[in-house]
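Undergrad:
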Amino acid sequence: MKGDKHEEPEPGPEPAAPPPSTDEEEPLLEFHHSYRELFQFFCNNTTIHGAIRLVCSQHNRMKTAFWAVLWLCTFGMMYWQFGLLFGEYFSYPVSLNINLNSEKLVFPAVTVCTLNPYRYTEMKKDLEELDRTTEQTLFDLYKYNSSNSLVAHARGRRDLRESLPHPLQRLPVPAPPHAASRVRRSDSSLSHSNPKVNRKDWMIGFQLCNQNNSDCFYRTYSSGVDAVREWYRFHYINILSRRQDTPMLEEEALGKFIFACRFNQVSCNEANYSHFHHPMYGNCYTFNDKNNSNLWMSFMPGVNNGLSLMLRTEQNDFIPLLSTVTGARVMVHGQDEPAFMDDGGFNLRPGMETSISMSKEAVDRLGGDYGDCTKNGSDVPVENLYGTKYTQQVCIHSCFQVNMIRECGCAYIFYPQPRGVEFCDYRKHNSWGYCYYKLQDAFSSDRLGCFTKCRKPCNMTTYKLSAGYSRWPSVTSQDWVFQMLSLQNNYTVKNKRDGIAKLNIFFKELNYKTNSESPSVTMVTLLSNLGSQWSLWFGSSVLSVVEMAELIFDLLAITFFMLLRRFQSQYWSPGRGGRGAQEVASTPPSSLPSRFCPHPASPSSSAAGPATSLALSAPPPAYATLGPRLAPSGSTEASSSAHTPGEP
Amino acid sequence: MAAGEKIKAKIKKNLPVRGPQAPTIKELMRWYCLNTNTHGCRRIVVSRGRLRRLLWILFTLTAVALIFWQCALLISSFYTVSVSIKVHFQKLDFPAVTICNINPYRYSAVRDLLAELEQETRGSLKTLFGFSEITSRKRREAESWSSARKGTGSKFLNLIPLLAFEKGETSKARDFRTGRKRKVSGRIVHTASDVVHVYESKGLVGFQLCSNDTSSCAVYTFTSGVNAIREWYKLHYMNIMAQVSLEKKINMSYSAEELLVTCFFDGESCDARNFTRFHHPMYGNCYTFNNRQNETILSTSMGGSEYGLQVILYLNEEEYNPFLVSSTGAKVIVHRQFEYPFIEDVGTEIETAMATSIGMHLTESFKLSEPYSRCTEDWNGVLITNIYNATYSLQICLHSCFQAKMVEKCGCAQFSQPLPQGANYCNYRQHPNWMYCYYELHQAFVWGELGCQSMCKEACSFKEWTLTTSLAQWPSEVSEKWLLSVLTWDQGQIKKKLNKTDLAKLLIFYKDLNQRSIVESPANSIEMLLSNIGGQLGLWMSCSIVCIIEIIEVFFIDSLSIVARHQWHKAKQWWARRQASPCPEAPPSPQGQDNLGLNIDDDLPTFTSALCLPPAPAAQVPGTPPPRYNTLRLERAFSRQLTGTEVSAES
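Protein chains in written order, with UniProt numbering: chain A, 1 to 648; chain B, 1 to 651.
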């Protein structure tokens, strides 16, 4: 840097100085006169260690051979090592870093669901037929007689049976002969979704067929409870998709479900939650999702600095055959992620205070060449139907839905509905059940390729939950608590403790772990290692390579000039030109050693060189000035490319 | 003297201290480039052709820049850590386990102190919610007893009245005690941030807190009456309890024998003596297992529930304070020995009439401190005094910080944390308006405005027990009868027969004896750094430390000395000219001519020729200082330079 500054004055005066004295001028590019000269120059000035000995000790054959061997050995060693280093770098190794951070945390979104999709009273009209059929079936199969099934019985079962497709049947475990007679044997397949239990060799299931009834299979269950629930669910889905109207959210629904809500000792308000309806889990309220005007932050761990909810868990208007659990379902998820209540939920027990402590963990992957992950899902060949942040769940569900629409022509009700596609209903799509279960099978065995298509997101945040329970309200305090709730929230104290539940969600600690990847070999370390190897074996540097490049360039240039010269001399005046060329090639001019010896005063001799040559008017030394001299003579295209930059 | 002179002369002869050999900076550079081992530089000088030279200058400068850039990257990434995860299989130390009853004091014991408060709470419940209870005999007794003291008047409601706000209007509130409406003045702060509420309830309930001069007040409203009553009750409860001495409180709370019915550890029986008491202001007496001073830390020989801690707890549900706690159970926290258990913040609840199994998995983490990360082993570098008698943790630091701020701002200490030196707990006899101050301060603390979060560093090493909880109904229906009667007989001091809902079983054990430790270690060592830098130097320029020294020598020391010499000569010249100012014309021209001649003969660099040639005709103009200066310098430098070149040529 500094050297450059000192050097600077030199080129400055030089261009200014030349005009008066022409012989002082230094041309833009100067070429050596002969190979010999070139090599001598190279040997004198090169910085490649082995090369000096190899090329420059030409007087001793033995020595040259010895150095050639040595040179080749070190060369080989170096490139072998280079190969190893590059191999390591291009395998893109990563090293794992675990950071323990402690800082204020954004409270995650919390979704709470009622576990009951609709009030039974509201749905009664739609479900009437299904319920009656179910009771009839239960009576037929298990001799279970519920109170109002008798009414249905009186109405006659035949017609009811006909109205609903896919009736529940009791099937013998070996493929039934009468079933086989109905269906062509080759096409029939029996899918067991549960390991069979030998209960009188009977199984319960229902039949699903494709469009033209050419292929049918039975979906069988070993337990009647499972079979009835699954069958009921199947029909319920169809009924739901027929109910086009979205359930209106009664404003008091939240008040009826959530009695009290506090975060950080402060009451929640409308801005803090959003609502959606899940066909299985009912009304779901998401607290602190992305719609929240200012996101909740936790500055301190502990119960007092978390979310605290009082919930109603009464089940007097639950749909009896659909909801077999009571309580509430809660899920903790990231702000911009949809709540998959099926996948990551947590059931709350009624009559209990459930304290869920969370600890956060984040994973950052490098992506790109270093691993198979996607930054924001834009490069995944699956359309995101949820319109939220990319997660693997979102992708897989979207992938399934897309396949469902393609294969079956309708959308599955639990997944989002793309524009212009309607939900599946066997009145419109009579074979969708067949199609769906086939697809489900293909999906879980990854024949659809959803699991390979959906890549991991590069940044993931997970919340680890652990729960503790205590009875709530306590015997001594329940009187006033119930009284209070009944007054404020119109809660009727019917079944005391089982009707309410309390939930606390808080951070156990503000420490959170970040597992991140970093490249274990970076470009800098790769270069350092290459440099170390290079210095060790060769003692040369990148600049030495440039020297080599220059040498090659010079060689080419000289060859070109020489050929040009020969051509010229042959064409114009063969005798003189040939001699001149020979002179150039063979005779080292006497002035050369003095010119290129590493003498401090050497450059000035270059000024002297041309001067003498001018005086002698001999061709060889004028090589440097050949270009300029040739150009005026107007010799064809020979005004070589090397000189053109200097000309204007 | 003579001898001294001799030695001096000898030294001068043997150790000649001379300046740089080159007379000018340009010469010095040329000399350096020809002789240095650094690649590239020599080519600048040796190459023929201006373009070539320029290219070589560019190449060299690029290489230098790359070296600087890459080395900067290397140095900046020096303080990185690499993490190793080790899994040991060994005999593990059992952690300290602290168990508390959720209810702090036996209600029968604290009833005397809280009688007035209870009565007033019931009163306000009645006026507010029309709650008249269907009470047990015991409670009615208490009520009659407290009604006898009714003459004292309602002092709690006087101090901080509970207010019911009509829907939609916040400036008017109904006072419970008097029943008449009163105007709420002052600044109104709703902790419920919006008046439009989620709940279409009849109105809001809250209380008003004012600062000392009652100029600023804050109204704290709650959407649910349950929460309002509990908060209001808690405030007064803290006030009352702050005036009770510690011994009395300990006596009022549960004893170890009472709480722990049975105890079993690692296949051997244990009892209350294995537990140390620790008094928590909000949870009463808590008992810590395996935390005894001057005793070895217990360890488990095997994983699995048989080899852990098994206790049956007696949580007398009838003795629960109805307003302070509304849930039944116990709290358990697993922590390191001599670490303060923050039972109110973390901790797992245990249910009555249930067996709770807690499986543990130990993870240890060690971080590197200072230049690598901002953490501390002990209280080093943390400006907060420790008010807990325990090892450092982030939680302790935060709580200590809050307590210190509380004492500073409000003049008294908060009830649920230990007492700092020279302070006493807040009560409204001495500090009538501490509650307002506390609420304000706590709000600021929770929102991170006190700066505690930035003052406290995280701890460098910590152990973490990941807990997995599972529940089972206990005791089973068939075993219930004999089990309860045996336990009742065991607990001689308890008069009444044990009930299923008064008991809880707890098992804490290591799931396996694998210990995961996450250890950070420096990713780079100084040798690595040096070898990497060496690699970079070698790669681009084949340079070494010696080269760098050389560069420093040439570019800084020698260049500076040359410049200094020039200045010195200039100054001298100037002085000489001033002395001989009368006739300066005569000498310059011959000397300038001399100079010119010398230049041509000896092939001095083009720089000088360029400088000297053009002036040659002009040199006749008398009195131009440059030639004279030149000659002076050249004459002297020339002889030196000659010797220098000769030496280099020979070698």
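Beta carbons: idealized from backbone N, C-alpha and C, even for Gly.
When you compare the CB of Y436 of chain B with every CB in chain A, is at least one pair closer than 8 angstroms?
TA: Counted from its first residue, the second sequence places residue 436 of chain B at position 436. Answer no: the Cβ-Cβ gap between Y436 of chain B and chain A never drops below 8 angstroms.
Undergrad: The alpha helix (DSSP H) spanning F42 of chain A covers which residue range?
TA: Along the first sequence, one-based indexing puts residue 42 of chain A at 42. Its alpha helix (DSSP H) spans residues 35-45.
Undergrad: Using a Cβ-Cβ distance under 8 angstroms, would V261 of chain B count as near chain A?
TA: As a position in the second sequence, residue 261 of chain B is number 261, starting the count at 1. No, no contact with chain A.
Undergrad: Cα separation between Y372 of chain B and V83 of chain B?
TA: Locating residue 372 of chain B in the second sequence gives position 372, where the first residue counts as 1. Locating residue 83 of chain B in the second sequence gives position 83, where the first residue counts as 1. Cα to Cα, Y372 of chain B sits roughly 12 angstroms from V83 of chain B.
Undergrad: Per DSSP, P457 of chain A forms a beta bridge with which residues?
TA: What you label residue 457 of chain A is simply residue 457 of the first sequence in a count that begins at 1. According to DSSP, which records beta bridges pairwise, P457 of chain A is partnered with A:T374.
Undergrad: Which residue or residues does DSSP assign as beta-bridge partners of A411 of chain A?
TA: In the first sequence, the residue the question calls residue 411 of chain A occupies position 411. Looking at the DSSP assignment, A411 of chain A forms a beta bridge with A:F423.
Undergrad: Please return the same chain residues whose Cβ sits closer than 6 angstroms to the Cβ of D345 of chain B, not counting the five positions on each side in sequence.
TA: Against the second sequence, residue 345 of chain B aligns to sequence position 345. Here the set comprises nothing.
Undergrad: Which residues, in order along the segment 458-472 of chain A, keep a beta-carbon less than 7 angstroms from a beta-carbon of chain B?
TA: Answer set for the segment 458-472 of chain A: S466, A467, G468, Y469, S470, R471, W472.
Undergrad: Determine whether the beta carbon atoms of T300 of chain B and L92 of chain B lie at a separation below 8 angstroms.
TA: The residue given as residue 300 of chain B occupies position 300 in the second sequence. The residue given as residue 92 of chain B occupies position 92 in the second sequence. Contact flag set, yes.
Undergrad: Please name the residue in B:K8, B:I229, B:E5, B:E27 whose C-alpha comes closest to that of F555 of chain B.
TA: As a first step, residue 555 of chain B is located in the second sequence; it is residue number 555 there, counting from the start. Answer by Cα proximity: B:E27.
Undergrad: With the cut-off set at 8 angstroms, would you say V382 of chain A and T374 of chain A are in Cβ contact?
TA: Here residue 382 of chain A refers to the residue found at position 382 when the first sequence is read from its first residue. Here residue 374 of chain A refers to the residue found at position 374 when the first sequence is read from its first residue. Their beta carbons are not under 8 angstroms apart, which means V382 of chain A does not touch T374 of chain A by this criterion.
Undergrad: Please decide whether Q70 of chain B counts as near chain A, where near means a Cβ-Cβ distance under 8 angstroms.
TA: Here residue 70 of chain B corresponds to residue number 70 of the second sequence, with the count starting at 1. Yes, its Cβ sits closer than 8 angstroms to a Cβ of chain A.
Undergrad: Which residues in the same chain have their Cβ closer than 6 angstroms to the Cβ of S298 of chain A, if we skip the five residues on either side of it in sequence?
TA: By one-based count along the first sequence, residue 298 of chain A stands at place 298. Answer for S298 of chain A: L105, F107, N305, F507, listed in chain order.
Undergrad: Which residues of chain A have a Cβ atom closer than 8 angstroms to the Cβ of K234 of chain B, listed in chain order?
TA: On the second sequence, position 234 is the one that residue 234 of chain B refers to. Per Cβ cutoff of 8 angstroms: no residues; K234 of chain B is ~11 angstroms from chain A at best.
Undergrad: Determine which residues share a DSSP beta bridge with E353 of chain A and list them.
TA: Residue numbering aside, residue 353 of chain A sits at position 353 when the first sequence is read from its first letter. Answer is A:S470, A:K502, bridged to E353 of chain A.
Undergrad: Identify which residue in B:N532, B:T98, B:K234, B:T288 has its Cα closest to the Cα of L73 of chain B.
TA: Numbered from 1 along the second sequence, position 73 holds the residue referred to as residue 73 of chain B. Per the Cα distances, B:N532.
Undergrad: Near N291 of chain A, what residues of its chain come up, given a Cβ to Cβ distance below 6 angstroms and the 5 sequence neighbours on each side ignored?
TA: The residue you call residue 291 of chain A lines up with position 291 of the first sequence. Result list for N291 of chain A: S274, in chain order.
Undergrad: From V478 of chain B to L484 of chain B, what does the alpha carbon distance come to, in whole angstroms?
TA: Reading the second sequence from its first residue, position 478 is the one you call residue 478 of chain B. Reading the second sequence from its first residue, position 484 is the one you call residue 484 of chain B. Cα to Cα, the separation comes out at about 11 angstroms.
Undergrad: Taking all protein chains shown into account, do 16 or more other C-beta atoms lie within 10 angstroms of the C-beta of P95 of chain B, making it buried, or fewer, making it exposed?
TA: Taking the first residue of the second sequence as 1, we reach residue 95 of chain B at position 95. Label assigned to P95 of chain B: buried.
Undergrad: Checking 8 angstroms against the spacing of the C-beta atoms, do L309 of chain A and L503 of chain A come in under that value?
TA: Taking the first sequence and counting its residues from 1, one reaches residue 309 of chain A at position 309. Taking the first sequence and counting its residues from 1, one reaches residue 503 of chain A at position 503. The answer is yes: Cβ separation under 8 angstroms.
Undergrad: Put K6 of chain B into one of helix, strand or coil per three-state DSSP.
TA: To locate residue 6 of chain B, count along the second sequence from 1; it is residue 6. K6 of chain B: helix per DSSP, three-state reduction.
Undergrad: Against chain E, which members of the segment 104-127 of chain B pass a CB distance test of less than 7 angstroms?
TA: Among the protein chains of the structure shown, namely A and B, there is no chain E.
Undergrad: Listing by chain order, which chain B residues have their CB less than 9 angstroms from the CB of A362 of chain A?
TA: Here residue 362 of chain A refers to the residue found at position 362 of the first sequence. None at all; the shortest Cβ gap to chain B is about 15 angstroms.
Undergrad: Pop quiz: I102 of chain B and T328 of chain B are said to be a contact at Cβ under 8 angstroms. What is the actual Cβ separation, rounded to whole angstroms?
TA: On the second sequence, position 102 is the one that residue 102 of chain B refers to. On the second sequence, position 328 is the one that residue 328 of chain B refers to. Sure, about 7 angstroms apart at Cβ, within 8 angstroms.
Undergrad: Run through DSSP, which three-state label would G206 of chain B get?
TA: By one-based count along the second sequence, residue 206 of chain B stands at place 206. It is a strand residue.
Undergrad: Please name the residues in the segment 298-332 of chain A whose beta-carbon is closer than 8 angstroms to at least one beta-carbon of chain B, in chain order.
TA: Here the close residues are F299, M300, P301, G302, V303, N304, N305, M310.
Undergrad: Which residue comes first and which comes last in the beta strand (DSSP E) that contains S444 of chain A?
TA: The residue given as residue 444 of chain A occupies position 444 in the first sequence. S444 of chain A -> not in any beta strand (DSSP E); alpha helix (DSSP H) instead, spanning 432-444.
Undergrad: Thinking just about the alpha-carbon of each residue, which of A:Y412, A:G302, A:D343 is nearest to the one in S359 of chain A?
TA: In the first sequence, counting from the first residue as 1, residue 359 of chain A sits at position 359. If we check each option's Cα against that of S359 of chain A, A:G302 comes out closest.
Undergrad: Taking the runs of the alpha helix (DSSP H) that are 4 residues or longer, which of them lie wholly in the segment 200-281 of chain B?
TA: Fully enclosed alpha helix (DSSP H) runs of 4 or longer: 225-242, 246-252, 256-259.
Undergrad: In three-state terms, what does DSSP make of V94 of chain A?
TA: Residue mapping note: residue 94 of chain A aligns to position 94 of the first sequence, counting from 1. Note: V94 of chain A maps to strand in three-state DSSP.
Undergrad: Taking 8 angstroms as the threshold (C-beta atoms), are C399 of chain A and G377 of chain A in contact?
TA: Position 377 of the first sequence, counted from the start, is the residue given in the question as residue 377 of chain A. Position 399 of the first sequence, counted from the start, is the residue given in the question as residue 399 of chain A. No. Outside cutoff.
Undergrad: Applying a beta-carbon distance threshold of less than 7 angstroms, which residues of chain A neighbour E550 of chain B?
TA: The count along the second sequence starts at 1 and reaches residue 550 of chain B at position 550. Chain A residues near E550 of chain B: none, gap ~11 angstroms exceeds 7 angstroms.
Undergrad: Looking only at C-alpha atoms, which of B:S326, B:G359, B:L125, B:R277 sits nearest to Y307 of chain B?
TA: Taking the first residue of the second sequence as position 1, residue 307 of chain B is located at position 307. It is B:G359 whose Cα lies nearest to the Cα of Y307 of chain B.
Undergrad: Enumerate in chain order the residues of its own chain whose CB-to-CB distance from V481 of chain A is below 7 angstroms, with the five nearest sequence positions on each side excluded.
TA: Locating residue 481 of chain A in the first sequence gives position 481, counting from the first residue. Closer than 7 angstroms at the Cβ level, and outside the excluded window around V481 of chain A, lie P473.
Undergrad: On the criterion of 16 or more Cβ atoms from any shown chain inside 10 Å, does H399 of chain B qualify as buried, or is it exposed?
TA: Looking up residue 399 of chain B in the second sequence gives position 399. Classification for H399 of chain B: buried.
Undergrad: Tell me, which residues are paired with R565 of chain B by DSSP?
TA: Against the second sequence, residue 565 of chain B aligns to sequence position 565. Partner(s): none; R565 of chain B has no beta bridge.
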